[in-house]
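Chemist:
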Amino acid sequence: MSYLSGVSDLGTETPLQVDPSYLYDLVRGIVLTNSIAAITRALGYSEYVGELVEVLRDYVGRFIEVVAVEGTYIPGLASSIASRVKVPLWELDLPDNFLEEYLEVLIGYRQALTSGRLTRSDALNLLQLTCSTLRIGSCEELLAEVEPLTPAVALQIALTALAVAIGGLGGGSDCA
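Mapped onto our numbering, the consecutive letters of the sequence shown carry residue numbers 3 to 178.
Pasting the structure below:
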């Protein structure tokens with residue numbers, strides 16, 4: 003079954019219209035909050051992890067708002083990914099620099115998408131990177147569900163997987 007029946011306007015990518023420093027502040031916020039949540043959990047203070055996850059959700063939500071391509075919503079994608087996510091982001095033991103690099107790849111990919119330079123091969127590479135970084139199982143089955151894979155769809159999968167890896171989104175752009 004293909005989820006692409008709900009996707010429209012994949013050819014209307016617009017440039018990122020945000021101050022780069024804001025975007026990188028979001029990246030630093032995601033990385034720092036995720037790290038603090040992981041350390042807090044490891045120290046046995048799991049009662050505080052929930053509050054940190056809410057902050058993480060806000061950062062990720064704002065990141066996705068900025069990086070997502072309008073018109074690439076894929077019905078059922080989040081549910082499909084949720085069944086494949088092994089553990090939450092803060093339990094992955096990702097080194098901070100690795101998570102930061104992954105988020106920067108998403109930013110660079112989005113910028114390249116606007117220029118029209120990306121190919122199916124780039125989309126496959128992003129899908130593989132997302133599956134390995136966020137420990138998403140059955141990547142081949144996920145690929146089969148979203149065929150034909152385009153660069154815009156690969157970015158939507160990556161952003162949806164990031165949201166699913168933190169248990170969904172919260173917050174929004176109300177906070178600076």
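Backbone N, C-alpha and C define an ideal beta-carbon position, used for all residues, glycine too.
1) With distances taken from CA atoms, which of Trp92, Pro150, Asp95 and Glu72 is nearest Leu129?
2) By how many angstroms is the C-alpha of Ser117 removed from the C-alpha of Gly63?
3) What's the call for Leu164, buried or exposed, on a 16-neighbour Cβ count within 10 Å?
4) Tell me which residue opens and which closes the alpha helix (DSSP H) that Tyr104 is part of.
5) Could you work out which residue in Pro77, Gly73 and Leu28 is closest to Ala154 when comparing CA atoms only?
6) Taking the C-alpha atoms as reference points, what is the distance between Val68 and Ser48?
7) Using alpha carbons as the reference points, say which of Leu34, Ala114, Arg59 and Gly46 lies closest to Leu18.
8) Excluding five sequence neighbours on each side, which residues of the same chain lie with their C-beta closer than 7 Å to the C-beta of Asp98?
9) If you draw a straight line from the C-alpha of Leu157 to the C-alpha of Glu102, how long is it?
10) Between the C-alpha atoms of Leu45 and Ala160, what's the straight-line distance to the nearest angstrom?
Modeler: So, from the data block:
1) Put simply, of Trp92, Pro150, Asp95 and Glu72 the residue whose alpha carbon is nearest the alpha carbon of Leu129 is Pro150.
2) Approximately 24 Å, taken between the alpha carbons.
3) The residue is buried, with at least 16 neighbouring Cβ atoms inside 10 Å.
4) Annotation: the continuous alpha helix (DSSP H) that includes Tyr104 extends over Asp98 to Ser117.
5) Ranking the options by Cα distance to Ala154, first place goes to Gly73.
6) Cα atoms of Val68 and Ser48: separation of roughly 31 Å, rounded to the nearest angstrom.
7) The option with the nearest alpha carbon to Leu18 is Ala114.
8) Result list for Asp98: Val33 and Ser37, in chain order.
9) Annotation: Leu157 to Glu102 spans about 16 Å, alpha carbon to alpha carbon.
10) Roughly 30 Å separates the two Cα atoms.
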